[in-house]
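Numbering (the UniProt record's numbering), first residue to last: 1 to 401.
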């Protein structure tokens, strides 16, 4: 049964949601599922903007057919070639054999890599800034390379001010009837997933995102229609500001984030004592995570969120505890930068985690280690409370700065 949604008299939402998928890209947990958004424009020529993942292909194809209402499909605009958005291209070509596929040179090359049908005879290749008029609608194509694949572009409908933004401004989470951000409690219920989506999927490419945002700033945008998550038609500037913050690697919030690994509980006890001392000295907005229990995608997102971070790890086989090492590796891979950090190590017979953690953090851009490595030998001792007090003071000064 089709489930289209009318956005305007001639623009329709034809996407679908998947609540059964456990891991997005087979790596990021998505307890709330995910939506695969796609849009149909009915004009003198008909247009489909992107397709969907195979998991929702049946509903998606029914939606497209219903939106077209007996008409053929003239154009398929491909903004992004990742398989969660391009998996149904071959089926669209099979059902609508006269369709022209609109994309840039890299898009068309990737379609050839994924599929064996005659791509070239259907290709309508565009350059950055080119336009396509389908009647009353004129679509302008704005290239957004590495946001987050090299072929990515966004499509701006100059007629109504709609920005079809590809993966930009997307979020994890299945849609539940409400397709607009102003229909849900976005800041309370969706922002964490939006942040985690951006940081983990796109976050490495902050410079490229900033360049795309500069281009977008010149457009009279009235609605943002992403490929995942709710559509933005109100308070658009607030969400764009979030993207500008994330893309520029500045902390979103003043606060203290403590991430630890602990084998038998002694490192966990040390960070609990530290957090209490920091709170006594006035620190607010303190958050503690166990790296062994929390998915790295959440931890990476939280590191991008807060201003001051403590990493605490036991020494394990003369190395960093594996879960903590994995997190630091992930942070470097996502171009983590511009934060105040402190390091706590624990060890019984080989205190080496602190030195190795410091080396990994120092290899990242503009990471400021604000205190000497604090070493715990097996368990925290009363005679170390002066050092704990000093570290707590340094953390508080960092938060207040």
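We put the CB at the ideal spot given by N, CA and C, even for glycine.
Being a predicted model, the structure only gives us computed values, none of them experimental.
TODO: Return the residue from the list 186, 196, 266 that minimises the CA-CA distance to residue 235.
DONE: Taking the first residue of the chain shown as position 1, residue 235 is located at position 235. It is 186.
Task: First through last residue of the alpha helix (DSSP H) which encompasses residue 391 - done: What you label residue 391 is simply residue 391 of the chain shown in a count that begins at 1. Note, residue 391: alpha helix (DSSP H), 385–400.
- [ ] Kindly list the residues whose CB is nearer than 6 angstroms to the CB of residue 271, restricted to its own chain and excluding five residues on each side of it in sequence; keep chain order.
- [x] By one-based count along the chain shown, residue 271 stands at place 271. Around residue 271: 258, 260, 312.
- [ ] If I'm right that residue 380 touches residue 269 with Cβ under 8 angstroms, what's the distance once you round it to whole angstroms?
- [x] Counting from 1 along the chain shown, the entry for residue 380 is found at position 380. Counting from 1 along the chain shown, the entry for residue 269 is found at position 269. Residue 380 to residue 269, Cβ: 6 angstroms. Contact.
Open item on the list: Between residue 370 and residue 361, how many whole angstroms is the CB-CB distance? I'm expecting something under 8 angstroms.
Closed with: As a first step, residue 370 is located in the chain shown; it is residue number 370 there, counting from the start. As a first step, residue 361 is located in the chain shown; it is residue number 361 there, counting from the start. That belief does not hold up - the Cβ atoms of residue 370 and residue 361 are roughly 11 angstroms apart, past 8 angstroms.
- [ ] With a 10 Å radius around its C-beta and 16 neighbouring C-beta atoms as the bar for buried, classify residue 182 as buried or exposed.
- [x] As a first step, residue 182 must be located in the chain shown, where it is residue number 182. Flag for residue 182 reads exposed.
Task: residue 368 in three-state terms, based on DSSP - done: Locating residue 368 in the chain shown gives position 368, counting from the first residue. Looking at residue 368 - three-state DSSP - the assignment turns out to be strand.
- [ ] Report the rounded CA-to-CA distance for residue 294 versus residue 332, giving the unit in angstroms.
- [x] Walking along the chain shown from the start, residue 294 turns up at place 294. Walking along the chain shown from the start, residue 332 turns up at place 332. If I take the Cα positions, the gap works out to 18 angstroms.
- [ ] Decide if residue 99 is buried, meaning its Cβ has at least 16 other Cβ atoms within 10 Å, or exposed.
- [x] Residue 99 sits at position 99 when you count from the first residue of the chain shown. Buried, by the Cβ-count rule.
- [ ] Under 7 angstroms Cβ to Cβ from residue 249, same chain only, skipping five residues before and after it: list those, please.
- [x] Indexing the chain shown from 1 puts residue 249 at position 249. The answer, listed in chain order, is 206, 337, 338.
Task: residue 147 to residue 386 span [Cα, whole Å] - done: The count along the chain shown starts at 1 and reaches residue 147 at position 147. The count along the chain shown starts at 1 and reaches residue 386 at position 386. Residue 147 and residue 386: Cα-Cα distance of roughly 47 angstroms.
Open item on the list: For the structure I just gave you, are there three or more beta carbon pairs, one from the region 53–67 and one from the region 16–36, closer than 8 angstroms?
Closed with: yes
Task: Simplified DSSP state of residue 63, which is helix, strand or coil - done: Within the chain shown, numbered from 1, the residue matching residue 63 stands at position 63. Residue 63 falls in the helix class under three-state DSSP.
Task: Beta carbon of residue 111 nearer than 7 angstroms to that of residue 119 - done: Position 111 of the chain shown, counted from the first residue, corresponds to residue 111. Position 119 of the chain shown, counted from the first residue, corresponds to residue 119. Closer than 7 angstroms, so yes.
TODO: Output the residue ranges of the beta strand (DSSP E) runs that lie fully inside the region 95–150 and measure 3 residues or longer, sorted by chain position.
DONE: 100–103, 123–125, 131–133, 138–143
Task: Secondary structure of residue 190, DSSP reduced to three states - done: Walking along the chain shown from the start, residue 190 turns up at place 190. DSSP places residue 190 in helix when its eight states are reduced to three.
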